[in-house]
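A quick write-up on the structure given underneath.
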Ligand code: CP
Ligand code: NVA
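Residue numbers (our numbering): 1200 to 1506.
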């Protein structure tokens, strides 16, 4: 399957077959790395990485992925680039495209990523916007597949904020044939356009559901997922949000209502004691560090496929 030259901006741009291709490739590259088999598919290639928000996992895993692929990654923060002094994104896009082989961008506005992709004639990868986090959701699918052996038919229950993370999980789950049940407090629901899009993408629209009561939502779920109550850029709302999200925490009591062998996921960074308890995060059902590791393998697959 040839995905060369494709942007990786939202998972909705990919078919179920294409996502499976990326997951199989991630599995293959993970196997090679574990066995010490070189996989320098991108020798001499460069990935520009623009970060307008903080990052541990995305930055480090993409940088290491490029290294393993035999190429290099260039970390560019807002203050390093002339963007910080007002140079238009469309000019930056065209200049970077003359030097590099791909651009990863983490920023606030999703439109900015679309604009960058419009002007850069090299693949653009979305490393998180206020609306989506597709590279994380691909790594999550890999993690679920590894732990459960399948994706189709599994129930994933997301409890917490209706943010970028749940948007990407809704899209990923719908394409892969999962049941995705989302439980958020009133006023913090996912964007209804994204929910509609997921319902359109799903074979059965009824499998994409919003259920206010988290205890109801997690019943028999094989995957429990949560994310921070206040995302990057929402720090000032943190106190108000803490009150609103009370009861939307993944704790032992909630976990007991899920399937017996349910796995617990979190994209990290986590705020222990808020959206997840320390006990659950450190407990036997938590796969959060496998999930974090899989960012590396999933990113390598994205890079290998599109660049
Ligand atoms: N999950 C994730 O994207 O982590 P970082 O913000 O550390 O990149
Ligand atoms: N929703 C979080 C995800 C961090 C990886 C944020 O946007 O800050």
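By construction, the Cβ of each residue, glycine as well, lies at the ideal position given by its N, Cα and C atoms. Here the structure is a predicted model, which means the values were calculated and not measured.
Q | Segment contact flag, the segment 1231–1246 with the segment 1430–1448, C-beta cutoff 8 Å, min 3 pairs | A | Segments in contact, no.
Option in 1456, 1352, 1359, 1401 with minimal Cα separation from residue 1430 = The shortest Cα separation from residue 1430 among 1456, 1352, 1359, 1401 belongs to 1359.
Going by the DSSP bridge assignment, what does residue 1381 pair with across the sheet?
Paired residues: 1357, 1409.
Could you have a look at residue 1450 and say whether DSSP puts it in helix, strand or coil? Three-state DSSP puts residue 1450 in coil, outside helix and strand.
Spatial neighbours of residue 1409 within its chain, please: CB distance less than 6 Å, with the 5 preceding and 5 following residues excluded, ordered by chain position. Closer than 6 Å at Cβ, skipping near neighbours: 1381.
**Request:** Going by CA-CA distance only, name the one from 1283, 1379, 1324 that's closest to residue 1416.
**Result:** Comparing Cα-Cα distances from residue 1416 to each of 1283, 1379, 1324, the minimum goes to 1379.
8 Å Cβ cutoff met for residue 1420 and residue 1354: Pairing residue 1420 with residue 1354 gives a Cβ-Cβ distance under 8 Å.
Using 8 Å as the cut-off, can you tell me whether the segment 1317–1329 makes contact with the segment 1499–1506, which would need three or more C-beta pairs spanning the two stretches below that distance?
Touching, yes.
* **residue 1221 to residue 1305 span [Cα, whole Å]** => If I take the Cα positions, the gap works out to 21 Å.
Q. Quick one: any contact between the segment 1302–1317 and the segment 1461–1478, if contact means 3 or more CB pairs under 8 Å?
A. Taking 8 Å as the limit for Cβ pairs, the verdict is that the segment 1461–1478 does not touch the segment 1302–1317.
Note to self: Classify residue 1293: buried if its beta carbon has 16 or more other beta carbons within 10 angstroms, exposed otherwise.
What the structure shows: Counting Cβ neighbours within 10 Å, residue 1293 comes out exposed, since fewer than 16 surround it.
Note the first and the last residue of the continuous beta strand (DSSP E) segment covering residue 1232.
Taken as a continuous stretch (DSSP letters only), residue 1232 belongs to no beta strand (DSSP E), being part of the alpha helix (DSSP H) at 1215–1234.
*asked:* Bridge partners for residue 1310 per DSSP, in chain order?
replied: Paired residues: none, contrary to the question.
Quiz item: Using the C-alpha atoms, what's the distance from residue 1401 back to residue 1260?
Solution: For residue 1260 and residue 1401, the distance between alpha carbons rounds to 30 Å.
**Study point:** Near ligand 2: residue 1466 beta-carbon under 7 Å from a heavy atom
**Key:** Relative to ligand 2, the nearest heavy atom lies less than 7 Å away from the CB of residue 1466.
_CB of residue 1333 within 8 Å of CB of residue 1250, strictly_ = 8 Å or more divides the Cβ of residue 1333 from the Cβ of residue 1250.
Notebook entry, point to check: Assuming residue 1264 and residue 1467 make a contact with CB atoms under 8 Å, what is their CB distance in whole Å?
Noted result: The C-beta distance from residue 1264 to residue 1467 rounds to 18 Å, too long to meet the 8 Å contact threshold.
- Compare the C-beta of residue 1388 against all C-beta atoms of chain C and say whether one is closer than 8 Å. Among the protein chains of the structure shown there is no chain C, as only one such chain exists.
TODO: Please name the residue or residues paired with residue 1463 in a DSSP beta bridge.
DONE: For residue 1463, the beta-bridge partners assigned by DSSP are 1423, 1485.
Exercise for the section: Count the other CB atoms, across all protein chains shown, that sit within 10 Å of the CB of residue 1488; report buried if there are 16 or more and exposed otherwise. Expected result: When all chains shown are included, residue 1488 counts as exposed.
Check residue 1505 in the structure and name its three-state DSSP category. Residue 1505: helix per DSSP, three-state reduction.
Assumed close pair residue 1225, residue 1497 - CB separation to whole angstroms, cut-off 8 Å
In this structure, residue 1225 and residue 1497 form a Cβ contact; the two beta carbons are roughly 5 Å apart against a cut-off of 8 Å.
Who are the near neighbours of residue 1383 in its chain, counting only those whose CB is closer than 6 Å to its CB and skipping five residues on each side? Result list for residue 1383: 1361, in chain order.
- Message: Just to check my reading of the structure: residue 1365 and residue 1389 have Cβ atoms closer than 8 Å, yes? What is that Cβ distance to the nearest angstrom?
- Response: Rounded, the Cβ-Cβ distance is 5 Å, consistent with contact.
For residue 1407, which option in 1414, 1393, 1413 has the closest C-alpha, if you only look at C-alpha atoms? When only C-alpha atoms are compared, the closest one is 1393.
Can you say whether residue 1336 is buried or exposed, counting buried as having 16 or more other CB atoms within 10 angstroms of its CB?
Burial call: buried.
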